[in-house]
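Q: If you use my numbering, the sequence shown corresponds to residues 358 to 912, in order. Even for Gly, the Cβ is constructed at its ideal location relative to N, Cα and C. These numbers come from a predicted model, not from an experiment.
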Amino acid sequence: MAHLTDQEIASQASIQPIEEIAKKAGIPNEALEMYGKYKAKVDIHKVEGDEKSSKIVLVSAMNPTPAGEGKSTCTVGLSDAFNKLGKNVMVALREPSLGPVMGIKGGATGGGHAQVLPMEEINLHFNGDLHAITTANNALAAFIDNHIHQGNQLNIDPRRVTWKRVLDMNDRALRNVTIGLGGPAQGVPREDGFDITVASEIMAVLCLSNDIEDLKEKLSQIVIGYTYDRKPVTVAQLEVQGALALLLKEAIKPNLVQTMEGTPALIHGGPFANIAHGCNSVIATNTARKLSDIVVTECGFGSDLGGEKFMDIKARKAGFEPDAIVLVATIRALKMNGGVAKEDLGEANVDALKVGIKNLEKHIENARKFGVEPVVALNDFVTDTDEERQFVLDYCNDLGVRIALTKVWEKGGEGGVELAEKVLEVLDQPQNFKFLYEDEMPIADKINTIVTEVYGGSGVVLTDKAKKQIAEIEKNGWGHFPVCMAKTQYSLSDNPKLLGRPEGFEVTVREVIAKAGAGFVVALTGDIMTMPGLPKVPSAVHMDVDKDGNSKGLF
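(1) Check ASN643 in the structure and name its three-state DSSP category.
(2) What's the call for ALA530, buried or exposed, on a 16-neighbour Cβ count within 10 Å?
(3) THR763 lies in the beta strand (DSSP E); which residues open and close that run?
(4) In angstroms, rounded to a whole number, what distance separates the CA positions of VAL780 and SER660?
(5) From which residue to which residue does the beta strand (DSSP E) around GLN615 run?
(6) Tell me the DSSP bridge mates of PHE483?
(7) Exposed or buried, what is SER577 when buried is set at 16 or more other beta-carbons lying within 10 Å of its beta-carbon?
(8) Please confirm whether LYS923 and VAL840 have their CB atoms less than 8 Å apart.
(9) Got a sec, what are the start and stop residues for the alpha helix (DSSP H) MET459 sits in?
(10) Let's test the definition: count the other Cβ atoms within 10 Å of the Cβ of THR742 and tell me whether it reaches 16, buried, or not, exposed.
(11) If you reduce the DSSP assignment to three classes, tell me which class LYS462 lands in.
(12) Skipping 5 residues on each side, what residues in its chain have a beta carbon closer than 8 Å to that of GLU426?
(13) In three-state terms, what does DSSP make of MET668?
(14) Would you kindly report the start and end of the unbroken alpha helix (DSSP H) that includes TYR752?
(15) In whole angstroms, what is the alpha-carbon distance linking GLY383 and ASN567?
(16) If you measure between the beta carbons of GLY769 and ASP437, is that distance less than 8 Å?
(17) Count the other CB atoms within 10 Å of the CB of THR887; is the residue buried (16 or more) or exposed (fewer)?
(18) If we count the other Cβ atoms within 10 Å of its Cβ and call it buried at 16 or more, is GLY890 buried or exposed?
(19) Give me the Cα-Cα distance between ASP571 and PHE877, rounded to the nearest whole angstrom.
(20) Can we count ILE670 as close to the ligand SAH, meaning its CB is less than 7 Å from some heavy atom?
(21) Once the 5 residues before and after ALA593 are set aside, which same chain residues still bring their CB inside 8 Å of it?
(22) Let me make sure I understand the geometry here. Which of PRO589, ARG547, ASN833, LYS715 has the alpha-carbon closest to that of GLU860?
(23) In angstroms with no decimal places, state the Cα-to-Cα distance between ASN789 and VAL783.
(24) Taking the alpha carbon of TRP766 as the point to measure from, which residue in ASP755, PHE738, HIS720 has its own alpha carbon closest?
(25) Check whether the Cβ atoms of THR584 and LEU511 lie closer than 8 Å to each other.
(26) Mapping the DSSP letters down to three states, classify ILE513 as helix, strand or coil.
(27) Exposed or buried, what is VAL458 when buried is set at 16 or more other beta-carbons lying within 10 Å of its beta-carbon?
(28) What's the gap between the Cα of LEU662 and the Cα of THR845?
(29) Using only CA atoms, which one of LEU750, ASP525, PRO621, THR644 lies nearest to LYS444?
(30) Leaving out five residues before and five after PRO515 in sequence, what residues of the same chain have Cβ atoms less than 7 Å from its Cβ?
(31) DSSP three-state call for ASN736: helix, strand or coil?
(32) Taking C-beta to C-beta, are VAL991 and ALA823 nearer than 8 Å?
(33) Near PHE677, which residues of its chain fall below 8 Å by C-beta distance, leaving aside the five closest residues on each side in sequence?
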């Protein structure tokens with residue numbers, strides 16, 4: 358089967374009616390809102406259960422290569438392995454964004470025999486959540502420009518409107534635009550720009566809200582810009598939080614689907630991890646906690662990005678904590694972090710592993726900094742050699758960290774049983790979870806703590822602009838917010854070419870932006886973009902649909 362694409366494997370899988378999956382999960386029929394035969398939204402108010410007793414397994418990773426290391430595949434495979442072991446388990450994942458699907462990534466629903474189904478529909482539009490977030494975001498943009506056009510009673514400075522429009526696509530041409538041209542009837546001219554939908558603050562707000570009332574409250578606190586005398590202007594002042602919540606009333610409900618082996622899966626929310634907080638919704642995670650004994654969830658990219666944000670943003674705001682951390686590693690990524698070029702990763706190179714494994718070692722240390730014991734999942738590839746595998750296994754054993762060779766792409770849940778058993782050992786032990794920093798620590802110190810403790814850098818350089826913005830943020834009463842670092846995923850540093858485990862580097866923060874609705878501040882580093890661009894050859898060129906409506910090329 359190895360010669361088949363992920364999409365071809367998924368198309369051959371047997372898929373159960375979603376009512377059967379709901380029944381298995383303990384979701385009553387009256388809580389289901391059907392989206393065809395195999396997808397449903399869940400009314401959380403009709404789901405009973407206690408959130409407190411379940412265990413949370415967080416799947417993170419080492420720094421990835423551009424090809425990805427199969428983190429979602431391992432997450433799905435691990436949940437299926439728990440299922441095989443007779444555990445009451447649910448998996449909670451993020452929704453794919455059409456930008457990466459059409460760009461570099463292709464599909465984003467796992468791979469091989471460890472996928473969530475129906476993979477095509479999940480990858481393309483799903484149940485409309487990202488469209489609803491796009492619409493709400495852009496409705497707010499329209500309300501802002503209309504307010505300015507209609508007399509500007511709030512005294513908004515058009516030069517200081519910070520709210521951008523969004524599109525769920527990689528489109529670099531829209532990063533900076535000018536709007537309102539064409540005379541007085543067409544509005545007030547000003548500079549504007551687009552972010553990708555998954556970088557919208559509304560995405561973050563939806564993912565951090567507990568229910569519709571909490572959503573409305575967080576929406577009301579969003580800052581859209583500043584007045585001529587530098588005072589923040591909020592959605593509440595525009596009086597449109599009710600309208601925005603109305604547009605999101607279906608999107609806030611988590612989506613129920615299934616893995617290829619029939620494990621119930623909740624897929625909901627999709628903030629990027631290099632420019633946003635990188636975790637699925639609190640609602641989905643808490644709903645899974647009500648329904649199962651073990652919740653397997655993931656965070657974007659490595660422990661330096663999504664992992665740190667799960668701990669310091671999501672767990673802090675949601676009031677739960679991880680009981681075990683799985684770190685996905687591949688021999689390919691270890692060799693690339695050891696200096697091997699992408700085109701040479703298929704060749705055996707234990708010497709490169711000896712250098713690159715220091716990257717994994719740092720991620721192991723990071724998990725332990727938060728007081729949670731990690732388990733390494735060595736995701737197996739056909740190009741790996743026995744000598745290379747043994748080196749990694751021995752290295753981790755010498756570090757005193759559990760490691761399991763994981764073959765879920767090839768074998769599904771059966772290929773993750775060893776990993777599941779080692780995670781169960783950790784779940785049986787008490788953990789000592791702690792945040793990296795306290796709420797009241799000054800913002801500059803929070804940033805410095807993340808850089809020195811999690812990235813392993815020597816310190817932070819704040820530009821004059823960033824220093825001024827931090828002073829304004831603290832003056833406005835937002836100094837207690839956690840920090841969401843916008844950083845390259847490919848390196849522990851802010852330089853994507855600085856691989857392995859660099860030391861002595863400084864991270865430059867060029868800009869710091871308050872997201873008062875989401876309740877965090879974003880620190881922008883390097884040349885990270887909130888609207889990505891497409892590669893020279895996008896994945897889209899391989900995609901097609903036949904006369905019967907069957908798609909291909911999502912791989």
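A: Looking at the coordinates:
(1) What you label residue 643 is simply residue 286 of the sequence shown in a count that begins at 1. In this structure, ASN643 counts as helix in the three-state DSSP scheme.
(2) In the sequence shown, the residue the question calls residue 530 occupies position 173. It is exposed - the Cβ of ALA530 has fewer than 16 other Cβ atoms within 10 Å.
(3) Within the sequence shown, numbered from 1, the residue matching residue 763 stands at position 406. Element bounds for THR763: 759-763.
(4) As a working note, residue 780 is residue 423 in the sequence shown. As a working note, residue 660 is residue 303 in the sequence shown. VAL780 and SER660: Cα-Cα distance of roughly 17 Å.
(5) The count along the sequence shown starts at 1 and reaches residue 615 at position 258. For GLN615, the enclosing beta strand (DSSP E) stretches over residues 612-616.
(6) Against the sequence shown, residue 483 aligns to sequence position 126. Checking the DSSP bridge columns, you'll see PHE483 has no partner listed.
(7) Taking the sequence shown and counting its residues from 1, the one referred to as residue 577 is at position 220. Flag for SER577 reads buried.
(8) What the structure shows of the chain is the stretch from 358 to 912, and residue 923 is not part of that stretch, so it cannot be assessed.
(9) Stepping through the sequence shown from its first residue, residue 459 is reached at position 102. Where MET459 is concerned, the enclosing alpha helix (DSSP H) stretches over 455-459.
(10) Your numbering for residue 742 matches position 385 in the sequence shown. Exposed, since its Cβ has fewer than 16 Cβ neighbours within 10 Å.
(11) Residue mapping note: residue 462 aligns to position 105 of the sequence shown, counting from 1. In the three-state scheme derived from DSSP, where H, G and I count as helix and E and B as strand, LYS462 is classed as coil.
(12) In the sequence shown, the residue the question calls residue 426 occupies position 69. ALA418, MET419, VAL685, ALA686, THR687, ARG689, ALA690, ASN736, listed in sequence order.
(13) Within the sequence shown, numbered from 1, the residue matching residue 668 stands at position 311. In the structure shown, MET668 sits in a helix (DSSP, three-state: H, G or I).
(14) Sequence index remark: in the sequence shown, residue 752 carries index 395 (1-based). Run containing TYR752: 743-756, per the alpha helix (DSSP H) assignment.
(15) Here residue 383 corresponds to residue number 26 of the sequence shown, with the count starting at 1. Here residue 567 corresponds to residue number 210 of the sequence shown, with the count starting at 1. Rounded to whole angstroms, the separation of the alpha carbons of ASN567 and GLY383 is 21 Å.
(16) On the sequence shown, residue 769 is found 412 positions in, with the first residue counted as 1. On the sequence shown, residue 437 is found 80 positions in, with the first residue counted as 1. Yes, these two residues count as a Cβ contact at 8 Å.
(17) If you number the sequence shown from 1, residue 887 lands on position 530. It counts as buried.
(18) Residue numbering aside, residue 890 sits at position 533 when the sequence shown is read from its first letter. Taking all protein chains in view, the Cβ of GLY890 is surrounded by fewer than 16 other Cβ atoms within 10 Å, so the residue is classified as exposed.
(19) In the sequence shown, the residue the question calls residue 571 occupies position 214. In the sequence shown, the residue the question calls residue 877 occupies position 520. Spanning the two alpha carbons is a distance of roughly 16 Å.
(20) Looking for the ligand SAH in the displayed structure turns up nothing, as the structure carries no ligands at all.
(21) Here residue 593 corresponds to residue number 236 of the sequence shown, with the count starting at 1. Leaving aside the five residues that flank ALA593 on each side, the residues in its chain whose CB is nearer than 8 Å to its CB run, in chain order, SER577, GLN578.
(22) For the purposes of this step, residue 860 is taken as the residue at position 503 of the sequence shown. Checked all of PRO589, ARG547, ASN833, LYS715; the closest Cα to GLU860 is LYS715.
(23) Mapped onto the sequence shown, residue 789 falls at position 432. Mapped onto the sequence shown, residue 783 falls at position 426. Rounded to the nearest whole angstrom, the CA to CA distance from ASN789 to VAL783 is 12 Å.
(24) By one-based count along the sequence shown, residue 766 stands at place 409. For TRP766, the nearest C-alpha among the options comes from PHE738.
(25) Residue mapping note: residue 584 aligns to position 227 of the sequence shown, counting from 1. Residue mapping note: residue 511 aligns to position 154 of the sequence shown, counting from 1. In this structure, LEU511 lies closer than 8 Å to THR584 by Cβ.
(26) Along the sequence shown, one-based indexing puts residue 513 at 156. In the three-state scheme derived from DSSP, where H, G and I count as helix and E and B as strand, ILE513 is classed as strand.
(27) As a first step, residue 458 must be located in the sequence shown, where it is residue number 101. VAL458 counts as buried, since no fewer than 16 other beta carbons sit within 10 angstroms of its beta carbon.
(28) As a first step, residue 662 must be located in the sequence shown, where it is residue number 305. As a first step, residue 845 must be located in the sequence shown, where it is residue number 488. Here the alpha carbons of THR845 and LEU662 stand approximately 9 Å from one another.
(29) For the purposes of this step, residue 444 is taken as residue 87 along the sequence shown, with counting starting at 1. The shortest Cα separation from LYS444 among LEU750, ASP525, PRO621, THR644 belongs to PRO621.
(30) Locating residue 515 in the sequence shown gives position 158, where the first residue counts as 1. ILE505, VAL545, ARG547.
(31) Position 379 of the sequence shown holds residue 736. Of the three classes helix, strand and coil, the one that applies to ASN736 here is strand, per DSSP.
(32) The structure shown does not extend to residue 991, since the chain is modelled only from 358 to 912, so the question has no answer here.
(33) As a first step, residue 677 must be located in the sequence shown, where it is residue number 320. GLU408, ILE413, THR642, ASN643, ARG646, listed in sequence order.
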